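Chains as they are written, first to last, in this note's numbering: chain A, 1 to 66; chain B, 1001 to 1175.
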Amino acid sequence: MAELTINTQDIASAIRKNLDGFEPSLASGQVGRVVEVGDGSPESQVYLMQRLTRCCSLKVASSVWH
Amino acid sequence: MSDEKIQGYAQAILAVASAESNGAQVEDEIYRFSQVLQSSEELKSTLSDASIPSARRQQIVEDLLDGQVTQTTVALVSMVVAAGMGSDIKAIADKVVGLGAESRDKAVAEVYSVVDLSSDQQQRLAAALKSATGKDVEMKIIIDESVMGGLLVQIEDEVIDGTVRTRLKQLREAF
Chain A
1 MAELTINTQD IASAIRKNLD GFEPSLASGQ VGRVVEVGDG SPESQVYLMQ RLTRCCSLKV
61 ASSVWH
Chain B
1001 MSDEKIQGYA QAILAVASAE SNGAQVEDEI YRFSQVLQSS EELKSTLSDA SIPSARRQQI
1061 VEDLLDGQVT QTTVALVSMV VAAGMGSDIK AIADKVVGLG AESRDKAVAE VYSVVDLSSD
1121 QQQRLAAALK SATGKDVEMK IIIDESVMGG LLVQIEDEVI DGTVRTRLKQ LREAF
């Protein structure tokens, strides 16, 4: 069975060849601000984004905290 | 990643490899590629980076493996990377060789050595391991200079450490 031979130069070359000119399309923007965070209580509802068109409510299952 | 998902991918890979009639070879090639991946943080992080389009990640895999392994292996590794499982290749490969060996009533012995072992040495080691553990083994030789000499063998949860590295460590601790 032939041995698989891939050295660090091969790796660097393959990555360079395929990612050359690649720019990740990431964008940031402000969508609101945090107005309140919970105290860790399982029943806490955390309202994160004031400017969202509808209120986003996150109810954390108690099993996550215990 | 869940064990069920890893197991699912491993079983799918074995099924495809078996359908292509080169099961043992594909198992070995995927295992070897996972070892390459372990040795390169850059490759590991690139293949796991979701911000890089999957076509580019797949092309990196194909460029590296083309001509070195079977087309089945190239396609399977490429599929795993495209599915966003690049960071799980090691776990999947371990499961593939484990399930493959199990189907042949054997256990996998990962043997860490500074130098490659000849087929005669491998046969003698396999016989010694069978005598020590009661299991028929399939060996995966991993060249690892950090062991300095001797061998480290891992079979499932069992580790047999006869490396110079460990003996030197024991000596240092004794004095």
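Here a beta-carbon is modelled for each residue, glycine too, at the ideal position from N, C-alpha and C.
Bear in mind that the values here come from a model prediction, so they are computed numbers and not experimental data.
* Beta carbon proximity, alanine 12 of chain A to chain B, threshold 9 Å -> For the purposes of this step, residue 12 of chain A is identified with residue 12 of the first sequence, where counting begins at 1. For alanine 12 of chain A, the answer is yes, since a Cβ of chain B falls inside 9 Å of its Cβ.
* Asked: Taking a cut of 7 Å between CB atoms, which residues from the stretch 1055-1071 of chain B lie near chain A?
  -> Those residues of the stretch 1055-1071 of chain B placed with their C-beta closer than 7 Å to a C-beta in chain A are Arg1056, Gln1059, Ile1060, Asp1063, Leu1064, Gln1068, Val1069, ordered along the chain.
* **Nonlocal neighbours in the same chain, by C-beta distance under 8 Å from arginine 1057 of chain B, ignoring five residues either side** => Translated into positions along the second sequence, residue 1057 of chain B becomes position 57. Closer than 8 Å at the Cβ level, and outside the excluded window around arginine 1057 of chain B, lie Thr1046, Leu1047, Asp1049, Val1081, Ala1082, Gly1086.
* State yes or no: is the beta carbon of serine 28 of chain A nearer than 9 Å to at least one beta carbon in chain B? => Translated into positions along the first sequence, residue 28 of chain A becomes position 28. Not flagged as an interface residue toward chain B: serine 28 of chain A, since no C-beta distance is shorter than 9 Å.
* Asked: How many angstroms separate the CA atom of valine 37 of chain A from the CA atom of alanine 1093 of chain B?
  -> Working through the first sequence from its first residue, we reach residue 37 of chain A at position 37. Working through the second sequence from its first residue, we reach residue 1093 of chain B at position 93. Going from the Cα of valine 37 of chain A to the Cα of alanine 1093 of chain B covers about 42 Å.
* Asked: Is the shortest distance between the beta-carbon of isoleucine 1142 of chain B and the beta-carbons of chain A less than 9 Å?
  -> For this step, residue 1142 of chain B is matched to residue 142 along the second sequence. Not one beta carbon of chain A lies nearer than 9 Å to the beta carbon of isoleucine 1142 of chain B.
* Taking DSSP as the reference, what is the three-state secondary structure of glutamine 5 of chain A? -> Within the first sequence, residue 5 of chain A is the residue found at index 5, counting from 1. Correcting the residue type first, residue 5 of chain A is threonine in the shown sequence and not glutamine. Coil.
* Asked: Can you name the residues that DSSP bridges to alanine 1107 of chain B?
  -> On the second sequence, residue 1107 of chain B is found 107 positions in, with the first residue counted as 1. Partner(s): B/Val1137.
* To do: State the Cα-Cα distance for the pair tyrosine 1009 of chain B and arginine 1172 of chain B, rounded to the nearest angstrom.
  => The sequence position of residue 1009 of chain B within the second sequence is 9, counting from 1. The sequence position of residue 1172 of chain B within the second sequence is 172, counting from 1. Straight-line Cα distance between these residues: approximately 44 Å.
* Quick one: does phenylalanine 1175 of chain B have its CB under 9 Å from some CB of chain A? -> Counting from one through the second sequence, the residue named residue 1175 of chain B turns up at place 175. Closer than 9 Å: no.
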